[in-house]
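Below is one structure, written out as structure tokens; the observations come after it.
Protein chains: 4
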Amino acid sequence: MVRRKHPQPKEIRAHLMDSALRAFAARGYESTTIRHIAEEAKVAAGLLYHYFPSKQAVLMALFERSAGLVMAAFAEVATIADPREKLTQLLRESARLVRENREFWQVSYGVRFQHSVLAGLAHDVAAQSAVYVQLFTLLLSDLGRPHPELEARLLFATLDGVFQHYVLDPETYPLDALLERVIDNLTLPTEKEIP
Amino acid sequence: MVRRKHPQPKEIRAHLMDSALRAFAARGYESTTIRHIAEEAKVAAGLLYHYFPSKQAVLMALFERSAGLVMAAFAEVATIADPREKLTQLLRESARLVRENREFWQVSYGVRFQHSVLAGLAHDVAAQSAVYVQLFTLLLSDLGRPHPELEARLLFATLDGVFQHYVLDPETYPLDALLERVIDNLTLPTEKEIP
Amino acid sequence: MVRRKHPQPKEIRAHLMDSALRAFAARGYESTTIRHIAEEAKVAAGLLYHYFPSKQAVLMALFERSAGLVMAAFAEVATIADPREKLTQLLRESARLVRENREFWQVSYGVRFQHSVLAGLAHDVAAQSAVYVQLFTLLLSDLGRPHPELEARLLFATLDGVFQHYVLDPETYPLDALLERVIDNLTLPTEKEIP
Amino acid sequence: MVRRKHPQPKEIRAHLMDSALRAFAARGYESTTIRHIAEEAKVAAGLLYHYFPSKQAVLMALFERSAGLVMAAFAEVATIADPREKLTQLLRESARLVRENREFWQVSYGVRFQHSVLAGLAHDVAAQSAVYVQLFTLLLSDLGRPHPELEARLLFATLDGVFQHYVLDPETYPLDALLERVIDNLTLPTEKEIP
DNA sequence: TATGAATGAGCTTTCATTCAT
DNA sequence: TATGAATGAAAGCTCATTCAT
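Residue numbers (the numbering used here), protein chains in the order written: chain A, 24 to 218; chain B, 24 to 218; chain C, 24 to 218; chain D, 24 to 218.
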């Protein structure tokens, strides 16, 4: 599992995070014990405390790692000029992130309502949500939508719902079809307007 | 509340359920201890076990109580003939339920990803979701929408997302405005169609 | 179960003792709860405390009741003049007592090694044992046995063992055959003597 | 004992078993708590669960350890050819085992009637008893005794009774004298026969 | 007398965390 | 760095006992 004779600390840290993620996804954060993680990582329980100060810190590290992936994806999308295309890519990238990091999102959704678990993270999560909504608002405004802020919130809620449902049933949930429908709804011209 | 002259068992059971609900909502199901609930109810810890066989059973009872409320609301709506009006009322009733039972939905969303917690309930929850989607599908079909099943899933996801966001921030979230927007999107005539 | 309109306190007390005995025999004293007893008696749990100050006290009462039966049986036997006949009847009466009060002896043997349970009773039990041994010693001495005290202890041990084995397997254990053999060993003339 | 430089897991396990045995013997299995055992072992309560999955498992381990001692003693005796000598040694070895493991036998006799405690062990115990009786039957048959099976049961009961009485009062009980008397009764020639 | 709701101490067991090696 | 024995603070739950009715 740990491959080299003298594995890099970074590698082991990442290995532990991966193992923790699998464990958290399989049983939920609270039901996962340090020993479950260590077992998954084929490592002694005490070792975790050389790389993380606590079980919570492992979760935090997972959130940070995911935040990095999100940032990277969004930075990519930010270079697109055409707002229609930008929104399309933004949604597709979001779906890709969720699909490729399904276990993380499973864990993330699982702790979303557990204030005690998210202690110290709640603020970041809320802030991040606000950023999404602002970003969507800008894009929808650029697209000439009539109620960009409201639609942005609605879009955010829809994405959250769709991704959660996908994560709950990844085998059969029609993620792509739904996503494309959302994209069409927002980017195809429409004559209907709210009076 | 407790220690009254002739306490009705039903009353105390309900009082305990309310206390448990508040405690679960405040800290999450897993982080809530029996002692937290008892404290909230101003009762000795052991008393819970006169009314419920386990901590899980308290959660189950909360789910059942909510299911009853949902059934009642839906039965009411079922009497409406006009599909446009029916859908409208269905969504408004849903929002009312969530608003009036905010703490329950907070708890419900919080345990949704914790399979171990939902043991025995997971099946019901999944079945209930399927019922909603089918119901929405029928209604949207009656409304002449072109892709009723897909739109039904999308609607369900949107509602889930909106309700969750509302529950996470009930003070400032524009639940009604968003809901009315969803209703309009679905019930106002439109010429745009997916080919 | 309680038959009269105004049952005599004595009757209810006895009914509770019977129920407790059945419960203790079925599950062991420590594993039996007040509620088990109350259920067996078809009575509310609190009622026991009108007749007995504690669970232990119920056990004590059972011991006392049994002691009474033993005394009565032994008083009967005491009237027999012939030592051979006396010993024979003594053993047969003992076996009858065990057979007719099997559940009590099951309980009694079950708590024999639990000092904390027997608190306050241990002394009586020990005293009672000494009485048996003395009684046997006298009888064996009357019978002209060469080592009456040693044989008395041996006889007491044999009876204890036989009765325990009987109680552990009342369906198939050959209690009578073994008892008659013991009687014969002690009462038939023999030339073999320890030098 | 604990907290040594390189404690051997086996040593600590044995230390915990010894402590548990002392605790069980002092108060009975059911009345002994994990904390009593831990206190006796001068160890934190949680440590027991590194070595045993449950309190019951500690008891089981004690039974297994004793079974090993019994097997070893009986294997030794099995090599003796002369039946008279064999029976003599068998009884002496039994007494030695009981004397040297007095606390275990105290515990063993204490749980004998508690089916719930013996769950899973009851069968083994019953089987073991049957083995003893068969063994005694063979030996008594070899000795030319007229009713070997009945006498075997009687012998087993006597031993059980004697050992229990010894264990209840190890200071003053004349274990050896009684044992030698039993041996003599069985091995000295006799003309007395049951018709 | 009789009930059973209510109490609260205490049980076994779990587990994040520490630390000697 | 890595181990896993050891700790001890809860956790969920049980149950003898009390007491208002």
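Note that beta-carbon positions come from the ideal geometry of N, C-alpha and C, so glycine has one too. Predicted model, so just to flag it, every value in this text is computed and none were measured.
Residue burial annotation: K33/D is exposed, with fewer than 16 other C-beta atoms found within 10 angstroms of its C-beta. Using a Cβ-Cβ cut-off of 8 Å, Q137/B counts as an interface residue toward chain A, since at least one Cβ of chain A sits closer than that to its own.
In this structure, the beta-carbon distance from V121/D to W128/D falls below 8 Å. Three or more Cβ pairs drawn from the stretch 36 to 51 of chain C and the stretch 70 to 87 of chain C lie within less than 8 Å of each other, which places the two stretches in contact. For the stretch 157 to 174 of chain D, residues whose beta-carbon sits nearer than 7 Å to a beta-carbon of chain C comprise L173. DSSP places R204/D inside the alpha helix (DSSP H), whose first and last residues are L198 to T210. Using a CB distance below 7 Å, no part of the stretch 59 to 88 of chain B faces chain A. Between V148/B and V190/A, the alpha-carbon positions lie close to 15 Å from each other. Apart from sequence neighbours up to five positions away, the residues of its chain that approach L166/B with a beta-carbon distance below 8 Å are P106, R107, L110, L209 and T210, ordered along the chain. The beta carbon of L39/A is closer than 8 Å to those of I60, A64, V66, L70, L71, Y74, F75 and V81 in its chain, skipping five residues each way along the sequence. At a Cβ-Cβ threshold of 8 Å, I57/D and L114/D do not count as neighbours.
Taking a 10 Å sphere around the C-beta of V154/B, we find fewer than 16 other C-beta atoms and assign the residue as exposed.
Contact between the stretch 166 to 178 of chain C and the stretch 169 to 176 of chain D is not established, with fewer than three Cβ pairs separated by less than 8 Å.
For S54/C, the closest Cβ of chain D is nearer than 8 Å.
It is roughly 14 Å from the alpha-carbon of A150/A to the alpha-carbon of F179/A. The residue among L141/B, L158/B, P197/B and Y52/B with its C-alpha nearest the C-alpha of F97/B is L158/B.
Residue environment: G91/B is assigned as exposed (fewer than 16 neighbouring CB atoms within 10 Å of its CB, all protein chains considered).
Per DSSP, S139/A is one residue of the alpha helix (DSSP H) stretching across H138 to L141. Contacts with chain D at 8 Å (Cβ-Cβ) include G133/C. H146/D counts as exposed, since fewer than 16 other C-beta atoms from the protein chains shown sit within 10 angstroms of its C-beta. In the DSSP annotation of this structure, the continuous segment of the alpha helix (DSSP H) that includes K33/D starts and ends at P32 to R50.
Rounded to the nearest whole angstrom, the CA to CA distance from L177/A to A37/A is 36 Å.
Considering only beta carbons, no part of the stretch 93 to 119 of chain C lies closer than 9 Å to chain D. Interface annotation, L177/A: in contact with chain B, CB-CB separation under 8 Å. In this chain, K65/B is not harboured by any alpha helix (DSSP H), its DSSP state being neither H nor E. With 16 or more other Cβ atoms from the protein chains shown falling within 10 Å of its own Cβ, A118/B counts as buried. Straight-line measurement puts the Cα of T55/B at about 56 Å from the Cα of L182/D. In the DSSP annotation of this structure, the continuous segment of the alpha helix (DSSP H) that includes A90/C starts and ends at K78 to A101.
The Cβ atoms of A142/B and T160/B lie no closer than 8 Å to each other. Note on geometry: alpha-carbon atoms of A48/C and Q31/D lie some 43 Å from one another. The Cβ-Cβ distance between R125/A and P197/A does not fall below 8 Å.
Between V130/D and L85/D, the gap from beta carbon to beta carbon is short of 8 Å. In the DSSP assignment, R119/B falls within the alpha helix (DSSP H) that extends over P106 to E123. When the beta-carbon positions are compared, G184/D and H138/C stay at least 8 Å from each other. The three-state reading of DSSP puts S164/B in helix, counting H, G and I together.
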